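Going by my numbering, the residue at position 102 of the sequence shown is 102; the numbering climbs one at a time, nothing skipped.
Every residue gets a Cβ at the ideal spot worked out from N, C-alpha and C, and that includes glycine.
Treat the numbers as computed from the prediction; the structure is a model and nothing was measured.
Report on the structure given below.
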Amino acid sequence: MKQRTAIERERLLAVLDRLESAWGMERNPRDRSFGSPLDGLVATLLSQNTNDRNSERAFYEMKRRWPTWTQVMDAGLEPLVDAIRPAGLGPTKATRIREILIQVRSDFGSYDLDSLKGRDPDEVRAYLESLPGVGPKTAACVLVFELDIPAFPVDTHVMRIARRLGWFTERQGPAEIQEELERSVPKERQGGGHLNFILHGRNTCHSRKPDCSGCVLADLCPSYEAKGFRKP
């Protein structure tokens, strides 16, 4: 049976406010858009199991070689594998990209997901997650950054911080954490809040050696107290 987590609202809002003061990404969350839902979907798929630098390098190399999705399909599998090599897992990701393009064209008559705009959010999410290689996090990225639908993607940084704050246990995985954060975080704060969590994870709340003494969340974090630090 799935464990239901309740995050204290006052503490949640305090965390969001402090991360916004530190990183400021709630002001411009759509800066993460790749320009269209399908572009954003493929770019996010390329980001799986690698960093943004490598995935964006792969995405823009693919677009440089073949500016349209028709050209990507006409190029064939092996050239696509070569183009996206910087993102890693080239054969798997290239196959999934082609499968997605085939499915999208079959469903909508063209290589375009713009018709998802304005539809019921649950239907859009379900459709995205039905595509090859698309899980809850990838779908959430497309929802919030390309379709302006509230979502809170959970990557390793978000998951690590949320667990250290005591909101979730190690047994609760990213899909469950994402579901609860989307239920708890105010909808208008989800995209920017997600980005603030990522920046905090990259710059302060590191995986191995977190900078607890310089963390804006120190007095809200049970992991800080557990290390024997005095709360500021």
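Item: Run of the alpha helix (DSSP H) containing L221, from where it starts to where it stops; Value: In the sequence on display, residue 221 carries Cys and not Leu. Counting along the chain, C221 falls outside any alpha helix (DSSP H), and DSSP gives it neither H nor E.
Item: Proximity test, F197 beta-carbon vs the ligand MN heavy atom, cut-off 7 Å; Value: In the structure on display, the ligand MN does not appear, and there are no ligands present to speak of.
Item: Assigned exposure category for R11 - 16 Cβ within 10 Å defines buried; Value: exposed
Item: Sub-8 Å separation of T70 and Y111 beta-carbons; Value: yes
Item: Which listed residue (L165, L147, S213 and R164) has its alpha carbon closest to that of G35; Value: L147
Item: From L116, I177 and L113, residue whose alpha carbon lies closest to that of A162; Value: I177
Item: Sequence ranges, beta strand (DSSP E) only - wholly within the region 130-210, length at least 3; Value: none
Item: Distance CB(L220)-CB(V142) smaller than 8 Å; Value: no
Item: CA-to-CA distance, G118 to K231, given in whole angstroms; Value: At K231 the pLDDT is 49, less than 50, meaning the model places this residue with poor confidence and gives no usable figure here.
Item: Which of helix, strand or coil DSSP assigns to K117; Value: coil
Item: E8 (DSSP reduced to helix, strand or coil); Value: coil
Item: Alpha carbon of C212 to alpha carbon of C205, nearest angstrom; Value: 7 Å
Item: DSSP state of Y111 mapped onto helix, strand, coil; Value: coil
Item: Under 8 Å between C-beta atoms of S207 and R164; Value: no
Item: Residue span of the alpha helix (DSSP H) that contains F59, given as start and end; Value: D52 to R65
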